Each structure stands twice: as C-alpha cells, then as structure tokens.
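Participant: The opening position of the sequence shown corresponds to residue 642 in this note's numbering, with each subsequent residue numbered one higher.
For every residue, glycine included, the Cβ atom is placed at its ideal position computed from N, Cα and C.
A quick note: this is a predicted structure, and the numbers were derived from the prediction, not measured.
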Amino acid sequence: MKASFGILPDGTQANLYTITGGGITATVTDFGAHLVSVLVPDRDGNVSDVVLGFDDANGYRTGNGGYLGATVGRNANRIKGASFMIDDVRIRLTPNEGENSLHSGPNGFHLRMWELVRQRENLVTLHLLSPQGDQGFPGKADIYVTYALEKGGQLKIIYDGVCDRDTVLNLTNHSYFNLAGQEKTDAAMGQELIIPGRFFNPDDAENIPTGELRSVEGTPMDFRIPKAIGRDINTPYEPLEFQGGYDHNWEVFCTPCAILRDPDSGREMAVSTDCPGIQFYAGNFLNETGKGGIPYGYRQGVALETQFYPDSVHHPEWPQPFVKAGQHYHSETTYKFSW
Ligand code: BGC
Numbered sequence: 642m643k644a645s646f647g648i649l650p651d652g653t654q655a656n657l658y659t660i661t662g663g664g665i666t667a668t669v670t671d672f673g674a675h676l677v678s679v680l681v682p683d684r685d686g687n688v689s690d691v692v693l694g695f696d697d698a699n700g701y702r703t704g705n706g707g708y709l710g711a712t713v714g715r716n717a718n719r720i721k722g723a724s725f726m727i728d729d730v731r732i733r734l735t736p737n738e739g740e741n742s743l744h745s746g747p748n749g750f751h752l753r754m755w756e757l758v759r760q761r762e763n764l765v766t767l768h769l770l771s772p773q774g775d776q777g778f779p780g781k782a783d784i785y786v787t788y789a790l791e792k793g794g795q796l797k798i799i800y801d802g803v804c805d806r807d808t809v810l811n812l813t814n815h816s817y818f819n820l821a822g823q824e825k826t827d828a829a830m831g832q833e834l835i836i837p838g839r840f841f842n843p844d845d846a847e848n849i850p851t852g853e854l855r856s857v858e859g860t861p862m863d864f865r866i867p868k869a870i871g872r873d874i875n876t877p878y879e880p881l882e883f884q885g886g887y888d889h890n891w892e893v894f895c896t897p898c899a900i901l902r903d904p905d906s907g908r909e910m911a912v913s914t915d916c917p918g919i920q921f922y923a924g925n926f927l928n929e930t931g932k933g934g935i936p937y938g939y940r941q942g943v944a945l946e947t948q949f950y951p952d953s954v955h956h957p958e959w960p961q962p963f964v965k966a967g968q969h970y971h972s973e974t975t976y977k978f979s980w
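#1: How far does the alpha helix (DSSP H) with GLY700 in it extend, from its first residue to its last?
#2: What are the boundary residues of the beta strand (DSSP E) that includes GLN776?
#3: Where in the stretch 853 to 920 do unbroken runs of the beta strand (DSSP E), each at least 3 residues long, occur, reported from the N-terminal end onward?
#4: Within the same chain, show all residues whose beta-carbon is closer than 7 Å to that of ASN737, passing over the 5 residues directly before and after it, in chain order.
#5: Closer than 7 Å: is that where the CB of GLU740 sits relative to any heavy atom of ligand 1?
#6: Where does LYS797 sit, in a helix, a strand or coil, going by DSSP?
#7: For the beta strand (DSSP E) that contains ALA723, what are its first and last residues?
#8: Flag this pair as yes or no: are the beta carbons of ASN925 and ILE849 separated by less than 8 Å?
#9: Considering just the uninterrupted stretch of the beta strand (DSSP E) at VAL765, what are its terminal residues?
#10: In angstroms, rounded to a whole number, what distance separates the CA positions of LYS977 and ILE660?
#11: Could you tell me whether the Cβ atoms of ARG715 and SER771 are closer together than 8 Å?
#12: Check each candidate in TYR708, ASP805, VAL893 and ASP903 and name the one with the smallest Cα separation from THR914.
#13: Judging by CA-CA distance, which residue of ALA655, MET910, ASP690 and ASP696 is the nearest neighbour of GLY934?
#14: Quickly, what does DSSP pair ARG753 with across the bridge? List them, please.
#15: Could you tell me if the beta carbon of GLU946 falls within a distance shorter than 7 Å of some heavy atom in ligand 1?
#16: Going by DSSP in three states, GLY662 sits in which element: helix, strand or coil?
#17: To which residues of the same chain is SER689 closer than 6 Å at the C-beta, ignoring the five residues directly before and after it?
#18: Tell me where the beta strand (DSSP E) around LEU676 begins and ends.
#19: Below 7 Å, is the gap between the Cβ of ASN848 and the nearest heavy atom of ligand 1?
#20: Over what stretch of residues does the beta strand (DSSP E) that includes LYS977 continue unbroken?
#21: Is the Cβ-Cβ distance between GLN760 and TYR658 less than 8 Å?
#22: Is the closest heavy atom of ligand 1 to the C-beta of GLY673 under 7 Å?
#23: Look up ALA829 in the DSSP assignment and say whether it is helix, strand or coil.
#24: Take every Cβ of the stretch 776 to 788, pair it with every Cβ of the stretch 802 to 815, and state whether three or more of those distances are shorter than 8 Å.
#25: Pick helix, strand or coil for GLY694, following the three-state DSSP scheme.
#26: Quick check: does the Cβ of ASP844 come within less than 7 Å of any heavy atom belonging to ligand 1?
#27: Who pairs with TYR922 in a beta bridge, going by DSSP?
#28: Cβ-heavy atom distance between ASN656 and ligand 1 below 7 Å?
Spelled out as structure tokens, the structure:
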C-alpha cells in the first residue's frame with residue numbers, strides 16, 4: 642500500500658509504504674528510507690507502535706537531529722578527525738560533531754529522496770544513487786535498502802551496495818524502540834536488555850573509541866544477564882559519565898546479539914546481524930516532538946544499531962568497513978518480535 646507522506650519544499654512528493662507479514666505491520670518512507678512505524682501486538686492482542694518517529698516527511702526533514710528511524714550511510718557512527726586514508730589518499734569528510742564525523746556528516750542518506758524499486762505485500766526496496774564524492778567518500782555508489790516482514794514476527798533490513806571506486810560502506814538503521822508503545826514515554830528505562838557481547842569499546846570525552854576492547858565483567862556495561870536498562874545507567878563509571886549514559890559499541894558475540902523485553906506488555910525483540918558490532922544508545926540526548934505531538938525526551942527510547950565498530954577506519958586490527966571497486970556490499974539485520 643502506498644500513501645502520501647507530505648510534499649517537500651522543492652515540490653517532491655514523499656510516500657509512505659505499508660508492509661505486512663509475520664503478524665506485524667510496518668511503514669517506511671522513501672524520504673530518507675526511514676522506518677516510520679512498527680505495529681506489534683502485546684500478550685493480550687493489543688497493538689502498539691514500538692518505534693519513535695514523526696507524522697510526515699517534513700518532520701523527518703526538519704526535526705530529526707536524533708536520526709529517528711533513519712537509514713544511516715555511507716558510514717554509521719563516528720570517524721575521528723572526519724578524515725582517514727584509502728589507498729594512500731586522504732579522504733576528508735565534513736565534521737559535524739566537533740572535529741569528528743557523526744553518521745557521515747550534515748548530508749546523510751536519511752535526508753535524501755530514495756526511489757522505490759520493488760514493493761510486495763511484505764516488503765519494500767528503495768534505491769539511492771550516491772554520487773561520486775558524496776559526503777567526501779570516493780566513487781559513485783548504488784545503494785539498496787529492503788525492509789521485509791517475514792514469518793515469526795521478523796523485520797529484516799537488508800542493505801546492498803556497489804561502488805565504482807574503493808570506498809567505505811557501513812550502513813545501519815537508527816530506530817529508537819519503546820516496546821511499551823511509543824506513546825508510553827516513561828517506559829523505556831524499565832525495559833530489560835540482554836547483550837551477550839563480552840567486550841565494549843570505551844570512548845574518550847569526544848565519543849571516539851580509545852582503541853581498548855574492555856571486558857564488561859564487573860562493570861555496569863555487563864548485560865549478559867538480563868537487567869533493566871535504567872538499573873546501572875547512572876553508576877559512577879567513566880565510560881557512562883563521558884557519554885552521559887549508555888552510548889557504546891559492543892562486540893557481536895552470537896545470535897541474537899541483543900534482546901529487549903518489556904515485562905508489562907510481554908513484547909520482546911531479538912536482534913540478529915552479520916555485522917561485527919552493535920551500538921546501544923539509551924537516548925541520552927533525545928529531544929524531539931514526534932508522532933501526534935508526543936514529546937520524546939531524555940532516555941525515552943533506545944537504539945540498537947548494528948554496524949562496524951565506531952572509527953574502525955583508524956583501527957586495522959578491527960573488522961574493516963572498506964569495499965573494493967565493484968565489490969558487492971551486503972548486510973542484514975533482523976529484529977524479531979514476539980509477544
Ligand atoms: C550516537 C549518539 C547520537 C545519536 C543521534 C547515536 O548513534 O551514538 O551519540 O547522539 O546517534 O545522533
């Protein structure tokens with residue numbers, strides 16, 4: 642199903658695509674390839690929208706400093722000094738967080754119009770042509786994102802891409818989840834999280850990884866046994882103090898690499914991915930007016946962003962986000978809902 646999602650200032654019509662399958666319904670817009678809503682039943686069959694977002698495309702265009710539902714690319718997360726090397730050539734991006742690049746700078750993929758290439762009842766595929774030199778990255782890249790709903794409550798996000806020069810491709814989805822329903826704004830910190838990852842990346846005061854992979858053992862970063870997100874978030878512990886709460890990358894150790902649970906509604910979401918890392922961000926800077934005018938504030942939704950480790954372009958010892966000219970980039974992340 643296709644509906645209008647508003648008209649952009651340049652006159653472009655933005656569209657909203659509805660997909661259904663596996664017991665859930667989702668909507669996706671071609672403006673920024675944002676995931677707009679995910680409707681999931683609770684244990685009594687009451688359906689709620691479990692992702693934060695806006696009512697129309699212009700909400701995503703003007704109000705979305707927090708990247709709600711965004712498709713982030715070419716490179717998710719941070720690059721120190723907004724600069725790195727490919728094949729002995731220095732690549733320079735536009736800094737947008739101090740001296741550093743966050744989510745590829747001011748002209749992210751979430752601010753572009755994508756083109757519909759395929760729609761079926763349970764899936765939609767969008768395409769973006771990222772021109773030569775886009776955001777400072779080499780080469781012209783064709784990027785595809787597919788949202789598919791599959792049996793057993795699975796929302797699958799599939800990324801494909803190819804570039805005509807050696808470049809970086811490291812896309813993610815930046816949805817904020819609140820399994821109680823996006824309108825129950827005070828519920829997120831009471832939800833339980835499991836992250837089996839044994840290590841996380843501590844950051845410096847500028848949110849850039851120090852290079853250490855630190856064991857979670859005996860720290861507030863240990864989510865190997867389920868605990869409420871809010872339980873340890875204010876513990877005096879330098880990585881939490883530097884970032885104002887959870888906003889870190891964990892290793893992806895196994896499948897699923899994260900499970901979020903809302904004990905009240907009975908909803909659960911398990912995250913699986915082929916990416917090496919997952920950023921758990923507890924919405925510490927969240928401040929948006931969202932769907933139906935609902936104010937989304939401090940820690941009222943959580944993002945679980947699958948990706949290469951932040952700033953991995955400067956850490957050859959970690960898995961690398963580089964692709965060669967003509968090489969097929971493919972990545973999949975599944976959010977599996979149950980209730
Ligand atoms: C980052 C946060 C940032 C948020 C919104 C997350 O991926 O880790 O530090 O505030 O994106 O930009």
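Facilitator: Once the coordinates are examined:
#1: Secondary structure note for GLY700: its alpha helix (DSSP H) is the uninterrupted segment 698 to 703.
#2: Here GLN776 belongs to no beta strand (DSSP E), and DSSP marks it neither H nor E.
#3: If we require 3 residues or more, the beta strand (DSSP E) runs fully inside the stretch 853 to 920 come out as 888 to 892, 899 to 902 and 909 to 914.
#4: Excluding its 5 nearest sequence neighbours in each direction, ASN737 has C-beta neighbours in its own chain below 7 Å: LEU743, GLY746 and PRO747, listed in chain order.
#5: Answer for GLU740: no, Cβ out of range of ligand 1.
#6: The answer is strand: DSSP assigns LYS797 an E or B state.
#7: No beta strand (DSSP E) holds ALA723; DSSP gives it neither H nor E.
#8: Their beta carbons are not under 8 Å apart, which means ASN925 does not touch ILE849 by this criterion.
#9: For VAL765, the enclosing beta strand (DSSP E) stretches over residues 764 to 771.
#10: Each residue's CA atom was taken as its position, placing LYS977 and ILE660 some 15 Å apart.
#11: Closer than 8 Å, so yes.
#12: Nearest to THR914 by alpha-carbon distance, out of TYR708, ASP805, VAL893 and ASP903, is VAL893.
#13: Closest by C-alpha distance to GLY934, out of ALA655, MET910, ASP690 and ASP696, is ASP696.
#14: Residue pairing for ARG753: DSSP places it in no beta bridge.
#15: Within the cutoff, so yes.
#16: Note: GLY662 maps to strand in three-state DSSP.
#17: So the qualifying residues of the chain are GLY822.
#18: In the DSSP assignment, LEU676 falls within the unbroken beta strand (DSSP E) covering 676 to 682.
#19: Yes - ligand 1 has a heavy atom lying nearer than 7 Å to the Cβ of ASN848.
#20: DSSP places LYS977 in the uninterrupted beta strand (DSSP E) bounded by 970 to 979.
#21: Contact: yes.
#22: It does not: the Cβ of GLY673 is nowhere closer than 7 Å to a heavy atom of ligand 1.
#23: Helix.
#24: At 8 Å Cβ cutoff, the stretches touch.
#25: GLY694: coil per DSSP, three-state reduction.
#26: It does not: the Cβ of ASP844 is nowhere closer than 7 Å to a heavy atom of ligand 1.
#27: DSSP output for TYR922 lists ASP888 and ALA944 as bridge partner(s).
#28: Relative to ligand 1, the beta carbon of ASN656 is positioned no closer than 7 Å to any heavy atom.
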